[in-house]
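Residue numbering for the sequence shown follows this note's numbering, beginning at 991 and increasing consecutively.
All residues carry an ideal CB built from backbone N, CA and C; glycine is no exception.
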Amino acid sequence: MFTIVEKRKLAAQIYLMDVKASRVAKAARPGQFVIVKMNDKGERIPLTICDYSTERETVTIVFQTLGHSTTEMANYNAGDSFSDFAGPLGKASEFVFDDIEALQKQRFVFVAGGVGAAPVYPQVKWLQQRGVQVDVILGARAKDFVILEAEMQALGATVYVTTDDGSHGRKGLVTDVLKELIDGGTRYDQVIAIGPMIMMKFVAKLTKIYNIKTTISLNPIMVDGTGMCGACRVTIGDETKFACVDGPEFDGHLVDFDEAIRRQAMYKTEEGRCLLAAEK
Ligand code: FES
């Protein structure tokens, strides 16, 4: 069993949990995910790793209550346990394997939409700890949905915030800020965008114009996370890939976002039905 050591509500419908899982914590790298099962009969829920500590032997997960299982998971508290906590799964972020000295000559900008800030956090942390210059653009619907802003600043990253309604940071889209920074002369070597599919699509569209290497994460379309269900099948360039085993991170300029968005919508409907059934 995997015990929840700490639980915090980060925003409406968004929760953070530190879970005791020493083997996962030891092996985890930025970009990877875990599969959580609440009990023997529970659904397999793929969740990105937000942080990990080998000293505390914990892995931090952040999730949004979207379907029946995540809603049930939100009722768990410190002291409760999950029956399964498998991982780390998926490939680590590509830069983890790069030469550190070469990375230190680069400047990264992360674009995080909503709960996408969670998988961005360990990447920013990993790079900041190695002296790589990192900027972060956090986007959310409104002030109450901005998460991990203070935590990113505490890492030493420069953080820009945008909200749809202007209740925090500037009003507008993350792409507005990114465009302004680039047009203003900031030279980025890599852009990493994680968040809603539509946001990643438009970030990739923008950075293609400027020819900046762009990585996106397709974890939002994963269902079972094992390579078995086929739900995360995507077209990357002229190849078919599975987000859970070949990713979740891919070259943003090669992803067929329209196909991925259609696929995600298909499962959202199913998820919605499941939630309704559970509420009856
Ligand atoms: Fe099922 Fe990838 S999530 S195959």
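Short of 8 Å from the beta carbon of F1232, and not among the five residues preceding or following it, lie these beta carbons of its own chain, in chain order: G1217, G1220, C1222, R1223, V1224. In this structure the region 1129-1138 touches the region 1155-1162; the number of beta carbon pairs closer than 8 Å is three or more. Look at the beta carbons and you see the region 1139-1146 not touching the region 1068-1077: under three pairs across the two are nearer than 8 Å. Restricting attention to V1245, G1215, G1103, the CA atom closest to the CA of P1078 is found in G1215. Burial check for R1097: the Cβ neighbour count within 10 Å stays below 16, so the residue is exposed. Ranking V1122, G1106, G1032, L1056 by CA distance to the CA of E1239 puts G1106 first.
Minimum Cα-Cα distance from M1190 among the listed residues R1034, V1086, G1242, S1012 corresponds to G1242.
Between the alpha carbons of R998 and C1040 lies a distance of about 13 Å. In the DSSP assignment, T1061 falls within the unbroken alpha helix (DSSP H) covering 1058-1063.
For R1097, the beta-bridge partners assigned by DSSP are Q1123.
Assignment of S1012 by DSSP, reduced to helix, strand and coil, places it in the helix class. Relative to the Cα of Q1254, the nearest Cα in the group G1227, V1235, P1210, D1236 belongs to P1210.
DSSP places A1194 outside any beta strand (DSSP E); the residue lies instead in the alpha helix (DSSP H), whose first and last residues are 1187-1200. With a cutoff of 7 Å on beta-carbon distance, Y1150 and V1167 are scored as near each other. The continuous stretches of beta strand (DSSP E) do not include D1155, and DSSP gives it neither H nor E.
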